[in-house]
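In what follows, a single structure is set out as structure tokens and then discussed.
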RNA sequence: GUGGCUAUAGCUCAGUUGGUUAGAGCAUCGGUUUGUGGUACCGAGGGUCGCGGGUUCGAGUCCCGUUAGCCACCCCA
């Protein structure tokens, strides 16, 4: 016997999880489309040279790579941004600018696993390229907001920052050339204590007064306007800093104008984002009830997406929903509805010799847009209902010899165990209409 | 990739200083009930104690390795 098992960091998805996942994907698709983002897809496998060199050495090390049967060096995509850069460089002429796309697909990273961190996971990216308009930045924030609200994740906070604010403060502190190191340390705030981060900064040779200024900046919290005013005085003397603060003012004001509740958005100067290619606004979002999970949706603005593949400058802004991390979080919070069937009606197989009647009824219900499962065996009714209950069916339709004789049917609400008798006189459309309205009344139509 | 913790039935766990045929609850399946599920009663299946090696008269229990999970670093969704 071969032991059935899966690779470290790779998982099976059982119906309850897979249904929850598909539901979120449906919501994401709907929200992205509602802003005009169009779907694209790219291959899972690319030439190695396309994928390497864009990220850090770290990502190169984490990439799954091999030599294919034709002797080509290939790699599996580890995010959706790099393939999109290649895609954009290759197809700009057909796309026209600005171009908005969404891409929901699996990516692979050979790194160590942890809760909400796997080696195979799905990302749901959306980006707008070919425009530097602040409207596109604002739209990114709005999409993230609508997305998390529509998924129903509970309380969440979108944390905003702007790379230029950081740059301004760093320049004023004489640390402009130490950017990456300093930002990486500041990015740990929230996970590590301020003292630990201060010690780390000092270890990098940052002067004590600069450490104090950086920690004050990163620790700023509270009302958006107050934070922005303080940031202005910390880094506004430098042009980049001034621009960054202004951009954040624009976006927070625009979000409010678009109807986003004030508490959903915060300006958090400690948000730096590891990836170096962000140049303007950066964003991370957290579940209020599980901030330790990390960001479930992150993004930002970049100056030039595809510089490696084309001379045409392609600025853009976009974000990515980490659906697997989000699912891990929602499951931990007990906020996932664990239903094991996508169907609405369980049709009990009561009398074996009535098989064709059942098939006719099921077909008519399906034609009316209802999802119906017809049990394949004429087993005991109790057993069939037990299975239906376990699977989470909202309703069961029961027709035995008595019902057929009287031209009736039992519609059973599986949650309350209450039955309604439908009098359909053997007239199929009447039965279909009755079932459909009962399903609608249950709120699962 | 580095370090720490963990690993007994599908799940949650018990298992006395190493000592005979490894237990419980829940879940599953069958029956009480050839027409009605989450309760009750009866019964059944299911474990080479993650895997491999070592110490020992004897290992679920001790040691080493390995695989997987969790946590921290790193990085990130």
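Numbering (the numbering used here), first residue to last: -10 to 434. No residue lacks a Cβ here, since even glycine has one placed at the ideal position from N, Cα and C.
Identity of the residues DSSP links to residue i by a beta bridge
i           : result
residue 303 : Bridge partners of residue 303: none, in fact.
residue 401 : 385, 408
residue 273 : 148, 287
residue 267 : 291
residue 310 : 113, 286
residue 97  : 109
residue 203 : In DSSP, residue 203 forms no bridge with anything.
residue 55  : 63
residue 27  : 90
residue 454 : With the chain running from -10 to 434 in the structure shown, residue 454 is simply not present.
residue 466 : The structure shown does not extend to residue 466, since the chain spans only -10 to 434, so no value can be given for it.
residue 6   : None, per the DSSP bridge assignment.
residue 103 : 106
Boundaries (first-last residue) of the alpha helix (DSSP H) holding residue i
i           : result
residue 222 : 213 to 224
residue 256 : Segment 254 to 256 is the beta strand (DSSP E) holding residue 256; no alpha helix (DSSP H) there.
residue 171 : 168 to 175
residue 339 : Premise fails: residue 339 is in no alpha helix (DSSP H) and is neither H nor E.
residue 186 : 183 to 192
residue 346 : 344 to 356
residue 327 : Segment: none, residue 327 is in no alpha helix (DSSP H) and carries neither H nor E.
residue 131 : 123 to 140
residue 366 : Run containing residue 366: none; DSSP gives neither H nor E here.
residue 390 : 390 to 395
Per-residue burial, residue i [other beta carbons within 10 Å of its own, 16 or more giving buried]
i           : result
residue 101 : exposed
residue 158 : buried
residue 80  : exposed
residue 401 : buried
residue 90  : buried
residue 327 : exposed
residue 392 : buried
residue 67  : buried
residue -4  : exposed
residue 112 : buried
residue 58  : exposed
residue 313 : buried
residue 221 : buried
residue 438 : Outside the shown range of the chain, which is -10 to 434, sits residue 438, and nothing can be said about it.
residue 432 : exposed
residue 410 : exposed
residue 92  : buried
residue 36  : exposed
residue 435 : Given that the chain is displayed from residue -10 to residue 434, the structure contains no residue 435 and the question cannot be resolved.
residue 394 : exposed
residue 429 : exposed
Selected residue, minimal CA-CA separation from residue i, among the options
i           : options            : result
residue 21  : 309, 345, 347      : 309
residue 333 : 271, 89, 426       : 426
residue 95  : 186, 109, 105      : 109
residue 248 : 92, 128, 326, 86   : 128
residue 285 : 232, 140, 185, 125 : 140
residue 117 : 48, 372, 290       : 290
residue 269 : 87, 295, 53, 240   : 240
residue 413 : 343, 423, 279      : 423
residue 295 : 8, 25, 75          : 75
residue 419 : 407, 430, 398      : 398
residue 144 : 235, 252, 70       : 252
residue 174 : 324, 166, 186      : 186
residue 170 : 203, 342, 282, 73  : 203
residue 384 : 365, 359, 366, 396 : 359
residue 367 : 206, 353, 344, 62  : 344
residue 347 : 163, 389, 379      : 389
residue 63  : 70, 73, 49         : 49
residue 135 : 172, 122, 244, 191 : 244
residue -2  : 39, 98, 37         : 98
residue 257 : 125, 267, 205      : 205
residue 292 : 69, 153, 428       : 153
residue 5   : 25, 379, 386, 409  : 379
residue 82  : 382, 336, 299, 351 : 299
residue 165 : -6, 229, 355, 47   : 229
Three-state class that DSSP yields for residue i in the structure shown
i           : result
residue 240 : helix
residue 39  : helix
residue 91  : strand
residue 428 : helix
residue 178 : strand
residue 11  : helix
residue 418 : helix
Beta strand (DSSP E) segment containing residue i, residue limits
i           : result
residue 34  : 34 to 36
residue 370 : Counting along the chain, residue 370 falls outside any beta strand (DSSP E), though it belongs to the alpha helix (DSSP H) covering 370 to 380.
residue -1  : Note, residue -1: premise wrong, no beta strand (DSSP E); not H, not E.
residue 363 : 361 to 363
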